[in-house]
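Residue numbers (our numbering), protein chains in the order written: chain A, 36 to 392; chain B, 36 to 392; chain C, 36 to 392; chain D, 36 to 392.
4 protein chains.
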Amino acid sequence: MAGNTFGQAFTVTTFGESHGVAMGAIVDGCPPNMELSESDLMTDLNRRKPGRSQFTTQRMEDDQVEILSGVFEGKTTGTPIGLVIRNKDQSSQVYTQIKDIYRPSHADFTYDKKYGIRDYRGGGRASARETTMRVAAGGIAKKYLFEEFGTRIRGFLAQVGDIHLEMTSLDHASESVFFSPDPNREAEIAEFIGELRDAGDSIGAKIGVVASHVPVGLGEPVFSKLDADLASALMGINAVKGVEVGDGFGVVTQRGSEHRDEMSSEGFQSNRSGGTLGGITTGQDVNVFIALKPTSSIATRGKSVDRANKDVEVVTKGRHDPCVGLRAVPIAEAMVALVLMDHVMRDRAQNQRIAID
Amino acid sequence: MAGNTFGQAFTVTTFGESHGVAMGAIVDGCPPNMELSESDLMTDLNRRKPGRSQFTTQRMEDDQVEILSGVFEGKTTGTPIGLVIRNKDQSSQVYTQIKDIYRPSHADFTYDKKYGIRDYRGGGRASARETTMRVAAGGIAKKYLFEEFGTRIRGFLAQVGDIHLEMTSLDHASESVFFSPDPNREAEIAEFIGELRDAGDSIGAKIGVVASHVPVGLGEPVFSKLDADLASALMGINAVKGVEVGDGFGVVTQRGSEHRDEMSSEGFQSNRSGGTLGGITTGQDVNVFIALKPTSSIATRGKSVDRANKDVEVVTKGRHDPCVGLRAVPIAEAMVALVLMDHVMRDRAQNQRIAID
Amino acid sequence: MAGNTFGQAFTVTTFGESHGVAMGAIVDGCPPNMELSESDLMTDLNRRKPGRSQFTTQRMEDDQVEILSGVFEGKTTGTPIGLVIRNKDQSSQVYTQIKDIYRPSHADFTYDKKYGIRDYRGGGRASARETTMRVAAGGIAKKYLFEEFGTRIRGFLAQVGDIHLEMTSLDHASESVFFSPDPNREAEIAEFIGELRDAGDSIGAKIGVVASHVPVGLGEPVFSKLDADLASALMGINAVKGVEVGDGFGVVTQRGSEHRDEMSSEGFQSNRSGGTLGGITTGQDVNVFIALKPTSSIATRGKSVDRANKDVEVVTKGRHDPCVGLRAVPIAEAMVALVLMDHVMRDRAQNQRIAID
Amino acid sequence: MAGNTFGQAFTVTTFGESHGVAMGAIVDGCPPNMELSESDLMTDLNRRKPGRSQFTTQRMEDDQVEILSGVFEGKTTGTPIGLVIRNKDQSSQVYTQIKDIYRPSHADFTYDKKYGIRDYRGGGRASARETTMRVAAGGIAKKYLFEEFGTRIRGFLAQVGDIHLEMTSLDHASESVFFSPDPNREAEIAEFIGELRDAGDSIGAKIGVVASHVPVGLGEPVFSKLDADLASALMGINAVKGVEVGDGFGVVTQRGSEHRDEMSSEGFQSNRSGGTLGGITTGQDVNVFIALKPTSSIATRGKSVDRANKDVEVVTKGRHDPCVGLRAVPIAEAMVALVLMDHVMRDRAQNQRIAID
């Protein structure tokens, strides 16, 4: 109800504020007898981590996750998995200057209106730091899906500002500091981001995620279509303002004769639908795209109000990511993994489907 | 779990297949003492109804909804509201020809793979006819929101194929047979749709919905952000492949200094965010857009397979909408209404917010 | 949230008031490809029906259920099953005399305080007539459980007033007009109930339910232990004030050395636990008992107040059951069936257990 | 779904095994702006703690809870409250002897059958140690209910073996090492428990809980009646095998004329119903009773099997509680508090009720 639980069968409940004591999560419903250790979760946590390059925030967090329960002698037991990451950087003093001010395009105003209390420490619960736990939990889902079905879930930077990136290699994207699928454009991205930072400004981005080897039959009509749950999962990531499945907004100008993915005894002839029909997976790749707004914390002075509704000017000091999109890839992958995992289990409940390779 | 319930506090559970006995729903959690009658729900049901113009499917359904419970002496009692619409057109014979065939871009293939059974009667549960109950339930939410907060939720056709429509009048859109917000472009739309039908083809569309007089503070961090629940609600409508909140994919090329909605003591200076910050309503208009794929049932022959995976060719006989988007406006409005209603109640549970005008 | 949905994986959502238009339900999550027809549901509906003997209320309802969806060509399709029973006896006039009066031990007072509106028609939603839909939905669960696992769920009258009944035959109980497991005590029960009716009074009862051939491993630690979900399911039946699993309150005076069910390679040596350990089924019979309060509607004058809190006297006219417990057996069986069915599916989701015989 | 979350609006999700790294919980939905600190939760944690007297297990745990999030500057913020208690006593070596053995009346057998893996460390997730988090979360609910409505929730030992205790003082019960409501019987209880321990045996118990100053109107028809949710909450506590509301199983022999709580303009004349009618609170005290089975871990040798289904004999070494019921009072109070809190919020969502004193 209050919104901190994701999923129905494979559930993730999270807590934690940016500059509180710790971030944490409980993953409930994980199938038993899967090998799991903290190092399995660190891969993606490290990909998400700030300070990974000179182009992301320099906040220093090693983001070491600790598994508190649900694993015994190296295997999941079927009981809930408690996860925690202690925040090292708990200093809230740097934020006392914005104690009574609403930063433009941040959640400061709305949280205060909703709850009647202002946790001004670096965005509090609204901080993107909350996504550490999505990534950790998503790591569990990714591992299960890969071992059970061979499913791989890989994201990439599709566009940043006016730079459109060709999908050259998902593997390269995975390792690239910009998650760029095109090895030849990284210098260009670096230059663009550098310029933005020097200008005290930021930029939006478009991210894609491809899930391959997805079992057929996942998705629950009519309100939990796979597309619907993906949309919720992805739109719920900080800064996301748009979600597409398959051809997305491109379908607006497509004709039926062009859009429909024809089939033959060899299988589907195309994948404009993005791997779902009627909200249920076809067995093709599931393709999604998301749009992320430009970082709100910028060094350019902006107009706002304080808690007493008095006009003020706000400027963000310290170093922030000029493009939050550059760090969103592992988060988006994790959310796709959580959706697929949840639907594998929901499907089994009713349809007792057998694992495929 | 199985996906036929929407919402958490104001819940809508639906049943019914396109050519089954009836469509129905149970609306649970409706506040008591609101005046409600069947005629309140017929307004939008009539706006959604097929056969409304020569440009939509000619299936004849009067879609008369019956309230079976939850209302006594003209007022809601707080107990669940049972709704039912009997299907008049239950003839499944016309569909026996596709009994063993998967129509391209339909859910025929995926439902069969998921459930191992083929309900070939006009799409069965996957038919857009399922949305009658969303519209009926949405009508209850709309009424409450308007009476309690003055909230209005109005949709419009933003684009069909290459025809982009100016937002001239939401009121006109509401009554227009094409839900066009621009009275001057209707002839053009009619001509375009007519051409498509003659060509046995179809086209995608883009729909917008504006909710005004929305209370501040709605939306639950972090997984039930208002944006996330809107995305789920809208992406779950048949044929939708993309969802945007506010500037949507436009944010990809925006700079932070341009995107952020500055504030003054007079209020917000712009609304690029679409009425939410951190997933919580700001009190500004909530703006969303969706992309709908072209109708899959077209008179142009296409390649597919049958249940035995043998190659076949499929062509849809009978009259179908050349553009499903033309009928999606009341459905999208209803889903936005259900999300807002659910969040009003969820917010009250924790924060006991007071009604505003 | 508002309480009219039961279960998590196999869900039942119900609507309807005693003297409204109809009672109805939506059963979501039913496995596909199970044969199902209305006659499958009538067996238990007839066992629950009023007017079954001279000792139960003479209200005339044939309780003919109609399946509105989810079944095609005689088989479940996996989509939601809509159920409806039209109320024939909708006359609310007989109740106008209690329009402004709270009947003692009825829900009149509490519904009015909660919702601020009085639906005085025969108890409205609080009427035991609401349980028709539990019985109908339970019939679906019973059928599945029997076909898949051989599970049988049978209830019986264990005690009425001071008459304690020996468990002679579950089969006899199933057919007995009093659900008596002891064929030799029926005359005695009849006489006792007759006396109570003549005296204008009523009596409590104790009901038992035995589920045999229950799969091992059902129940979810820690808040959805099978015992916990059974307790909720049974305590939620009208008039129930106590629930026991296994030896129930008898354990208070048992020693550990006496209570513990020892095991050998032959299996469990006893079943004091009632078929669960740690809230998970052992594979033994699941045994539960419930206590039902005496019928509140009696012909003996009682003190109460009206809506203006003025003292009044209330007496129930017309014929009512002197013992609601006499009709509760099929309802209790249905609730046990719904709990087991839900847990079969929940268990599968996580543990993908295989069907047993 | 997997059972580790309690509640719908005020939710508690827990993790942790008896001898794992830590026990933890996430409390979601707590109203903002309530003062809260760790010491608020320690009162009941100390009442529940082992080693409180010579009559309970001597395991040494200081059970110091840490609040990890959701509280800022001493007040709740409306965001999820993370709680953790580190386990000091993680030694699992003492349990290696039962590694492959199912202890009678424990969950060893059923967890292994369900999950296919054996966490033999002191009961793992099935240990009563899991209830620390219920008590901690219940402390938050208790505090809110008391501050908002003056609600007090107090439990007591009603019976242990054949010793029936008079309800002399709830205040005394709260402080008594046996939770005895009768100060004069404590020596007798001590003697009885001492004898049992010397005999290497254990005994069952009956516990009562009284909630006073409960708001009228709590409880959701028809499946979330307050009674139903209380039954679930209480039956889900380790070792509980029976639940009663109000007169409980006593109603079986009551006549309607005797059972019904008559009303006058002064209010209810009695409270046999236990504070609910139709599953909704009347505003009277809510009274419940539970039966707890005798401790399963006893020093008396018993028959069982190992994982290979070979006959074995089991005897528990070390000191265990001869009566788990003696420590269950704070746990039962916590569960009642969680149910009432959840229903306050659920009721507000739909009915926007105003706080009463």
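Backbone N, C-alpha and C fix where the C-beta goes; we use that ideal spot for every residue, glycine too.
8 Å is my cut-off, CB to CB: does residue i come that close to chain A?
| i | result |
| --- | --- |
| Asn386 of chain C | yes |
| Asp136 of chain D | The sequence given here places Ile at residue 136 of chain D; Asp does not occur at that position. Judged by the 8 Å Cβ criterion, Ile136 of chain D is not in contact with chain A. |
| Ser104 of chain D | yes |
| Ile333 of chain B | yes |
Could you tell me the alpha carbon to alpha carbon distance between residue i and residue j, rounded to whole angstroms?
| i | j | result |
| --- | --- | --- |
| Ala326 of chain C | Phe144 of chain B | 50 Å |
| Thr114 of chain B | Ser339 of chain A | 45 Å |
| Asp377 of chain D | Lys328 of chain D | 28 Å |
| Ile333 of chain C | Ala369 of chain D | 38 Å |
| Asp63 of chain B | Tyr150 of chain C | 14 Å |
| His294 of chain A | Gln319 of chain A | 16 Å |
| Arg336 of chain D | Arg160 of chain D | 24 Å |
| Leu192 of chain D | Ser53 of chain D | 25 Å |
| Thr46 of chain A | His141 of chain A | 28 Å |
| His355 of chain C | Gly243 of chain C | 23 Å |
| Asp262 of chain D | Asp282 of chain D | 12 Å |
| Gly42 of chain B | Ser300 of chain B | 35 Å |
| Asn219 of chain D | Asp197 of chain D | 16 Å |
| Met36 of chain A | Ala343 of chain D | 44 Å |
| Arg232 of chain D | Cys358 of chain D | 9 Å |
| Pro139 of chain D | Leu180 of chain A | 37 Å |
| Ile35 of chain B | Gln289 of chain C | Outside the shown range of chain B (36 to 392) lies residue 35 of chain B, about which nothing can therefore be said. |
Between residue i and chain C, is the shortest Cβ-Cβ distance under 8 Å, so that the two count as touching?
| i | result |
| --- | --- |
| Ala172 of chain B | no |
| Thr46 of chain A | no |
| Gly113 of chain A | yes |
At a CB-CB cut-off below 7 Å, which residues of chain A make contact with residue i?
| i | result |
| --- | --- |
| Arg290 of chain B | Asp236, Ser237, Ile238 and Pro329 |
| Ala160 of chain C | The sequence given here places Arg at residue 160 of chain C; Ala does not occur at that position. Correct list: empty, because the minimum Cβ distance to chain A is about 23 Å. |
| Gly117 of chain D | Phe50, Gly51, Ala57 and Gly59 |
Show which residues of chain C have a CB atom less than 8 Å away from the CB atom of residue i.
| i | result |
| --- | --- |
| Pro66 of chain A | Gln385, Asn386 and Gln387 |
| Ser300 of chain D | Val340, Asn344, Lys345 and Asp346 |
| Gly310 of chain D | Going along chain C, no residue has its Cβ under 8 Å from Gly310 of chain D, so there is no contact; the nearest lies around 10 Å. |
Please name the residue or residues paired with residue i in a DSSP beta bridge.
| i | result |
| --- | --- |
| Ser247 of chain B | B:Arg187 |
| Met298 of chain B | B:Phe303 |
| Leu118 of chain C | C:Ala60 and C:Ile102 |
| Thr288 of chain D | For Thr288 of chain D, which the question treats as bridged, DSSP gives no partner whatsoever. |
Along chain C, which residues have their Cβ under 7 Å away from the Cβ of residue i?
| i | result |
| --- | --- |
| Arg381 of chain A | Ala384 |
Step through the CB atoms of chain D and report whether any lies within less than 8 Å of the CB of residue i.
| i | result |
| --- | --- |
| Ala390 of chain C | Summary for Ala390 of chain C: the model assigns pLDDT 43, below 50, so the residue's position carries little reliability; its value from the coordinates is reported in the next sentence. No, Ala390 of chain C lies away from the interface with chain D (no Cβ there is under 8 Å from its Cβ). |
| Met376 of chain A | no |
Run down chain D in chain order and give the residues with a C-beta less than 7 Å from the C-beta of residue i.
| i | result |
| --- | --- |
| Lys29 of chain A | There is simply no residue 29 of chain A to check, as chain A begins at 36 and stops at 392 in what is shown. |
| Arg295 of chain C | Pro139, Ser140, Ser331 and Gly337 |
For residue i, decide whether its Cβ has a neighbour in chain B, counting only Cβ atoms nearer than 8 Å.
| i | result |
| --- | --- |
| Phe41 of chain C | no |
| Ala263 of chain A | yes |
| Leu180 of chain A | no |
If the cut is a Cβ gap below 7 Å, which residues of chain B does residue i touch?
| i | result |
| --- | --- |
| Val56 of chain C | Leu103 and Ser104 |
Please list, in chain order, the chain A residues whose beta carbon lies closer than 9 Å to that of residue i.
| i | result |
| --- | --- |
| Ile175 of chain D | Neighbours of Ile175 of chain D on chain A: none; closest Cβ ~13 Å, over 9 Å. |
Can you list the residues of chain D that residue i reaches, using a CB-CB cut of under 9 Å?
| i | result |
| --- | --- |
| Ala372 of chain A | Those within 9 Å of Ala372 of chain A in chain D number zero; the least Cβ separation is about 18 Å. |
| Glu22 of chain C | One cannot answer for residue 22 of chain C here, as it falls past the ends of chain C, which runs 36 to 392. |
Contact residues within the region 242–261 of chain B, judged by C-beta distance below 8 Å to chain D
Per Cβ criterion, the list reads Pro256.
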